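Worksheet for the structure shown next.
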Amino acid sequence: MDHVDHVLIVDDDREIRELVGNYLKKNGLRTSIVADGRQMRAFLESNAVDLIVLDIMMPGDDGLLLCRELRAGKHKATPVLMLTARNDETDRIIGLEMGADDYLSKPFSARELLARINAVLRRTRMLPPNLNISESSRLIGFGHWRLDTTARHLLDADNTLVALSGAEYRLLRVFLDHPQRVLSREQLLNLTQGREADIFDRSIDLLVSRLRQRLQDDAREPAYIKTVRSEGYVFSLAVQLVEPSS
């Protein structure tokens, strides 16, 4: 039997969550709806989901706190699409900081939400095109770092683990799949989030900054991710597959 993607909608507005739930269901997705963080936690204790649609503006624990909680727990790999009632760049930036995979401002069309959900799910499952990663060679090496593509975390030279959010992992994979090649902000946004950038969209710059921090890469003199003025970014080191130690 084919897998049907299961989407959990967390929104305190009953009309919105029911309308969205019914629309997604009519378009081939399995949907569940809850009203707040308490209900979300209880639902996730006994149910598996493929993606969470999470409203930012909710009474009690808001969506930003809940997203951070998800990223710190056993659901850290579950994609999160955040909804915000304000068309405010600050909300989008904070949401991405907390580890959201994408965002959508209210009011929105159900059709656009469905397209965003499908794009996030597709990106989550898509194997990178330029590296043939096998189970026996799941580590990608660069500098003194290794990226574990199964666990989706970094390992330094001392085997210290550095956790990555879903967005950080996807951006690093894009860089590692296209080393020593200049990638524009538009290309990076399309490859990591499946959408085109607008003139005010600085989310890629934010993600690059976060990724540099994870890699301990000095933004003033970066060794890994270099800024190419007026063009974008380039991952400057060579990349190789590494056999895991026995």
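In case it helps, my numbering puts the sequence shown at residues 4 to 249.
Idealized CB from N, CA, C, for every residue including glycine.
Small disclaimer: the values here were computed from a predicted structure and weren't measured.
With 16 other CB atoms within 10 Å as the buried threshold, where does residue i fall?
i    : result
P82  : buried
S168 : buried
V242 : buried
R74  : buried
A80  : exposed
H181 : buried
V56  : buried
R176 : buried
R184 : exposed
T152 : buried
P132 : For P132, the predicted model reports a pLDDT of 43, less than 50, meaning its position is unreliable; a value from the coordinates is still stated below. Exposed, because fewer than 16 other Cβ atoms sit within 10 Å of the Cβ of P132.
R149 : buried
In three-state terms, what does DSSP make of residue i?
i    : result
T152 : coil
G235 : strand
S49  : helix
Y106 : strand
S139 : Legend: pLDDT at S139 = 41, less than 50; position of this residue unreliable, value from coordinates given subsequently. Correct three-state label for S139: helix.
R223 : coil
K28  : helix
Q190 : helix
L240 : coil
T81  : coil
Need the endpoints of the alpha helix (DSSP H) that residue i sits in, please.
i    : result
V10  : Premise fails: V10 lies in the beta strand (DSSP E), H9 to V13, not in any alpha helix (DSSP H).
Q216 : S206 to R217
F178 : G169 to D180
L164 : Per DSSP, L164 belongs to no alpha helix (DSSP H); it is in the beta strand (DSSP E), L164 to A166.
A75  : G66 to A75
I'd like the list of long-range same chain contacts for residue i, defined as Cβ closer than 6 Å, with 5 residues on each side in sequence excluded.
i    : result
L191 : I207
V51  : The question names Val, but residue 51 is Ala in the sequence shown. Excluding positions up to five away in sequence, the list is empty.
M43  : V13 and V37
A222 : R215
L32  : D8 and V10
S239 : K229
S49  : none
V237 : V185, K229 and V231
By Cβ distance below 7 Å, which residues in the same chain neighbour residue i in space, the five residues on each side in sequence not counted?
i    : result
I36  : I12, R20, E21 and G24
K109 : L86, T87 and A88
R119 : L84, D105 and L107
D15  : A38, D39, D58, M61 and P62
R173 : R126 and T195
D53  : D8, H9, V10 and L124
D220 : A226, Y227 and I228
H116 : One point to set straight first is that residue 116 is Leu, not His, in the sequence displayed. If we look at L116 and ignore the five residues flanking it on each side, its Cβ neighbours are V23 and L107.
Tell me which residues share the same chain as residue i and place their Cβ nearer than 8 Å to its Cβ, disregarding the 5 neighbours each side in the sequence.
i    : result
S187 : E234 and G235
L164 : H156, L157 and L158
A103 : L57, C70, V83, L84, M85 and A170
Nearest-angstrom Cα distance between residue i and residue j?
i    : j    : result
A166 : K28  : 34 Å
G98  : D161 : 31 Å
F178 : H6   : 30 Å
L244 : L210 : 24 Å
D64  : F46  : 16 Å
A3   : A170 : No statement about residue 3 is possible, as the shown extent of the chain runs from 4 to 249 and does not include it.
N30  : L68  : 30 Å
F145 : L218 : 11 Å
A154 : M101 : 19 Å
Span of the beta strand (DSSP E) holding residue i?
i    : result
G144 : L142 to F145
V56  : L54 to D58
A38  : Counting along the chain, A38 falls outside any beta strand (DSSP E), and DSSP gives it neither H nor E.
V185 : Per DSSP, V185 belongs to no beta strand (DSSP E) and is neither H nor E.
What do you reckon, is the C-beta of residue i under 7 Å from a heavy atom of the ligand MN?
i    : result
P110 : In the structure shown, the ligand MN is absent, as is every other ligand, since no ligand is present at all.
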